[in-house]
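Taking it in order: structure first as structure tokens, then the write-up.
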Amino acid sequence: MLNRRDFLKTFSVTPLLLQTLVRAEIETPTRYTAGNPAGFEILEIQGSYRQIGYETGKRFGSYIKQVIKKRFPWHENLMKILHTTQGRVQSQEYLRFTRTHFPHLLEELQGLADGAGLHFDAIWAICIKSELTASEKEPDGCSTITYRDENENWLFHNEDGDVAYHGKMFLLKATPPSGVSYLSLVYPGTLTGNGPSLNDHGIFQTTNYISSTAAEMGIPRYVLGRAVLEAQNLQEAADMVSLEPRAYPYHHNIGSFVEKKLLSIETTPETMQKIEPESLSCHTNHLIGEKTVHYDKQDPEYRKSSSLSRYKVIREELSRLHNQEYKPELFLNMLSSHKNAPYSPCRHPAGSVTGITLATAFVDINRGFMRLYKGQPCRAVPDKLYREYKMGNLG
1368 MLNRRDFLKT FSVTPLLLQT LVRAEIETPT RYTAGNPAGF EILEIQGSYR
1418 QIGYETGKRF GSYIKQVIKK RFPWHENLMK ILHTTQGRVQ SQEYLRFTRT
1468 HFPHLLEELQ GLADGAGLHF DAIWAICIKS ELTASEKEPD GCSTITYRDE
1518 NENWLFHNED GDVAYHGKMF LLKATPPSGV SYLSLVYPGT LTGNGPSLND
1568 HGIFQTTNYI SSTAAEMGIP RYVLGRAVLE AQNLQEAADM VSLEPRAYPY
1618 HHNIGSFVEK KLLSIETTPE TMQKIEPESL SCHTNHLIGE KTVHYDKQDP
1668 EYRKSSSLSR YKVIREELSR LHNQEYKPEL FLNMLSSHKN APYSPCRHPA
1718 GSVTGITLAT AFVDINRGFM RLYKGQPCRA VPDKLYREYK MGNLG
């Protein structure tokens, strides 16, 4: 258990520091839009990286603390690992690699912690959770379907996470010093980029967790996912996610509305596989690429349970399609399936299985928009609980 000193260190900043930060950030332009049954809350910010983090933490700090409270044994374990000798070595190396390649993102994280009134370690531990707990049970994964023919180019993605995030996900529209504005669905307490995202240069991304039994010294996966949000073209985005050294496996669906192109990129610390999906394909949370499938540190238990269960359901549905008219609803209905529950494409918590589908993204690459359904697709799709976002109109 955390002792009193560690608890206070995790959940507080000094009053003097807080007053200083409030004065420093008071001029940051922000706009907040409340959520509704069809749309997530939106926070719009223009400013420095630290200001973006600070304003996000100030607005949604209560959500971050609620998630930590609801998942206290999980977060407590992260903090314990972080403060072990090995954990400190890992953390310092991840900080070093992040500072070398993306120092501004550490400013953003420090701002997030300060705005939320939390110690930096409490936020940093969440951002390197997979790397710290590589040999332990990890997150609930996501499910992706892609379809392409001579007329259409579609991406469908279920965003799954722990039930603690239900009702607390929000959209961040940020314009950092790079001048690249982006919109991202955010898990409170983490760097943006893990959830469905797009920017005003037409770059979009969804991601799939890949479970591993070991982590390497390198750039944390969430840092690479966040870096993509400021990419100005598809090649730059692909270069960012494949930057070495990498600490942990990851799968990125990244594409460009401008180039009308989608890439599926699987990365491990050792290698990567980049393809442009053809016709019908799907992906869940295990490696399937020719160059990556034999990665020997992939977690076989996670692959066998949650990931393969959903993958087989979707593959079976795709195999039944023959010479028919394809419409988005066809694929959205596949992602609404409860077959093989609780490890079904549409996730609902059941007993000790706490995974839930938090949102569903439909990306129409040729027409240049992302439709974001709020909540589980089994209800959100038929009830049309969604909002659409375009590269020139992110809000």
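The sequence shown maps to residues 1368 to 1762 in my numbering.
C-beta: ideal position from N, C-alpha, C; glycine also.
These numbers were taken from a predicted model, which means no experiment stands behind them.
By DSSP, does Glu1626 sit in helix, in strand, or in coil? By one-based count along the sequence shown, residue 1626 stands at place 259. Looking at Glu1626 - three-state DSSP - the assignment turns out to be coil, as it is neither helix nor strand.
With 16 as the cutoff for other CB atoms within 10 Å, does Pro1616 come out buried or exposed? By one-based count along the sequence shown, residue 1616 stands at place 249. Under this definition Pro1616 is a buried residue.
Contact belief for Tyr1589 with Cys1745 at Cβ below 8 Å, rounded distance in angstroms: The residue labelled residue 1589 in the question sits at position 222 within the sequence shown. The residue labelled residue 1745 in the question sits at position 378 within the sequence shown. Tyr1589 to Cys1745, Cβ: 29 Å. No contact.
Can you list, in chain order, the residues of its chain whose CB lies under 6 Å from that of Lys1535, leaving out five sequence neighbours each side? Taking the first residue of the sequence shown as position 1, residue 1535 is located at position 168. Tyr1430 and Pro1555, listed in sequence order.
Could you spell out where the alpha helix (DSSP H) holding Gln1418 opens and where it closes? Here residue 1418 refers to the residue found at position 51 when the sequence shown is read from its first residue. Note, Gln1418: alpha helix (DSSP H), Tyr1416 to Lys1437.
Would you call Ala1581 buried or exposed, if buried means 16 or more other Cβ atoms sit within 10 Å of its Cβ? In the sequence shown, residue 1581 corresponds to position 214, counting from 1. So Ala1581 counts as exposed.
Nearest-angstrom beta carbon gap, His1715 and Gln1743 [assumed within contact, 8 Å]: The residue given as residue 1743 occupies position 376 in the sequence shown. The residue given as residue 1715 occupies position 348 in the sequence shown. 7 Å between Cβ atoms; contact.
If you count every other CB in all the chains shown that lies within 10 Å of the CB of Phe1407, and 16 or more means buried, which is it? Here residue 1407 is taken as the residue at index 40 of the sequence shown, counted from 1. Counting the other Cβ atoms within 10 Å of the Cβ of Phe1407 gives 16 or more, which makes it buried.
Have a look at Leu1675, Thr1542 and Ser1646 and flag the residue whose alpha-carbon is nearest the alpha-carbon of Ile1655. Mapped onto the sequence shown, residue 1655 falls at position 288. Checked all of Leu1675, Thr1542 and Ser1646; the closest Cα to Ile1655 is Leu1675.
Are the segment 1668 to 1683 and the segment 1700 to 1710 in contact at 8 Å, needing three or more beta carbon pairs? yes
Could you tell me whether any non-hydrogen atom of the ligand GTP is closer than 8 Å to the CB of Asp1666? Among the components of this structure there are no ligands whatsoever, and the ligand GTP is therefore not found.
Where does Asn1520 sit, in a helix, a strand or coil, going by DSSP? Within the sequence shown, numbered from 1, the residue matching residue 1520 stands at position 153. DSSP places Asn1520 in strand when its eight states are reduced to three.
So with Cβ pairs under 9 Å, would you call Thr1465 a contact of chain C? Among the chains in the structure shown there is no chain C, since it carries only a single protein chain.
In whole angstroms, give me the CA-to-CA distance for Lys1627 and His1468. Within the sequence shown, numbered from 1, the residue matching residue 1627 stands at position 260. Within the sequence shown, numbered from 1, the residue matching residue 1468 stands at position 101. Their backbone Cα atoms lie some 29 Å apart in a straight line.
Run through the segment 1452 to 1528 for me and flag every whole beta strand (DSSP E) of 3 or more residues, listed as ranges in chain order. 1510 to 1515
Under the three-state DSSP convention, the category His1650 falls into: Position 283 of the sequence shown, counting from 1, holds the residue named residue 1650. His1650 falls in the strand class under three-state DSSP.
So, with DSSP's three-state summary, where would you put Ala1541? Indexing the sequence shown from 1 puts residue 1541 at position 174. The answer is strand: DSSP assigns Ala1541 an E or B state.
Between the CA atoms of Glu1443 and Gly1454 - distance to the nearest angstrom: Mapped onto the sequence shown, residue 1454 falls at position 87. Mapped onto the sequence shown, residue 1443 falls at position 76. Those two C-alpha atoms are separated by around 14 Å.
Looking at C-alpha atoms only, which residue of His1689, Pro1396 and Arg1438 is the closest neighbour of Gly1420? By one-based count along the sequence shown, residue 1420 stands at place 53. The shortest Cα separation from Gly1420 among His1689, Pro1396 and Arg1438 belongs to Pro1396.
Assuming Ala1501 and Ser1579 form a contact by the criterion Cβ under 8 Å, report the distance between their Cβ atoms to the nearest whole angstrom. The count along the sequence shown starts at 1 and reaches residue 1501 at position 134. The count along the sequence shown starts at 1 and reaches residue 1579 at position 212. Contact flag correct, Cβ pair sits at about 5 Å.
Which residue comes first and which comes last in the beta strand (DSSP E) that contains Gln1640? The residue you call residue 1640 lines up with position 273 of the sequence shown. Met1639 to Ile1642 is the span of the beta strand (DSSP E), which, as asked, contains Gln1640.
Length of the line joining the Cα atoms of Ser1551 and Gly1592: In the sequence shown, residue 1551 corresponds to position 184, counting from 1. In the sequence shown, residue 1592 corresponds to position 225, counting from 1. Roughly 11 Å separates the two Cα atoms.
Do Gly1562 and Glu1526 have their C-beta atoms closer together than 9 Å? Numbered from its first residue, the sequence shown carries residue 1562 at position 195. Numbered from its first residue, the sequence shown carries residue 1526 at position 159. In contact: Gly1562 and Glu1526 (Cβ atoms closer than 9 Å).
Looking only at C-alpha atoms, which of Gly1478, Lys1751 and His1568 sits nearest to Tyr1416? Against the sequence shown, residue 1416 aligns to sequence position 49. Comparing Cα-Cα distances from Tyr1416 to each of Gly1478, Lys1751 and His1568, the minimum goes to Gly1478.
Using a 10 Å radius around the Cβ and a threshold of 16 neighbouring Cβ atoms, would you call Ser1497 buried or exposed? Here residue 1497 refers to the residue found at position 130 when the sequence shown is read from its first residue. Per the 10 Å Cβ criterion, buried.
Between the Cα of Tyr1662 and those of Pro1636, Thr1651, Leu1702 and Lys1432, spot the shortest distance and give me the residue it belongs to. In the sequence shown, residue 1662 corresponds to position 295, counting from 1. Of Pro1636, Thr1651, Leu1702 and Lys1432, the residue nearest in Cα terms is Pro1636.
My output table needs one value for His1763: the three-state DSSP class, helix, strand or coil. The structure shown does not extend to residue 1763, since the chain is modelled only from 1368 to 1762, so the question has no answer here.
Enclosing alpha helix (DSSP H) for Arg1687 [first to last residue]: Along the sequence shown, one-based indexing puts residue 1687 at 320. According to the DSSP assignment, Arg1687 belongs to no alpha helix (DSSP H), since it is labelled neither H nor E.
Taking C-alpha atoms, which residue in Lys1751, Ala1747 and Phe1736 lies nearest to Lys1757? Position 390 of the sequence shown holds residue 1757. Answer by Cα proximity: Phe1736.
Quick check: the segment 1641 to 1648 against the segment 1748 to 1755, are at least 3 beta-carbon pairs closer than 8 Å? no
Beta-carbon within less than 6 Å of Lys1706's beta-carbon, same chain only, minus the 5 sequence neighbours each way: which residues are those? Position 339 of the sequence shown, counted from the first residue, corresponds to residue 1706. Once the five neighbours on either side are set aside, the close Cβ partners of Lys1706 are Val1680.
Under DSSP, the alpha helix (DSSP H) around Gln1602 begins and ends at which residues? As a first step, residue 1602 must be located in the sequence shown, where it is residue number 235. Run containing Gln1602: Leu1601 to Val1608, per the alpha helix (DSSP H) assignment.
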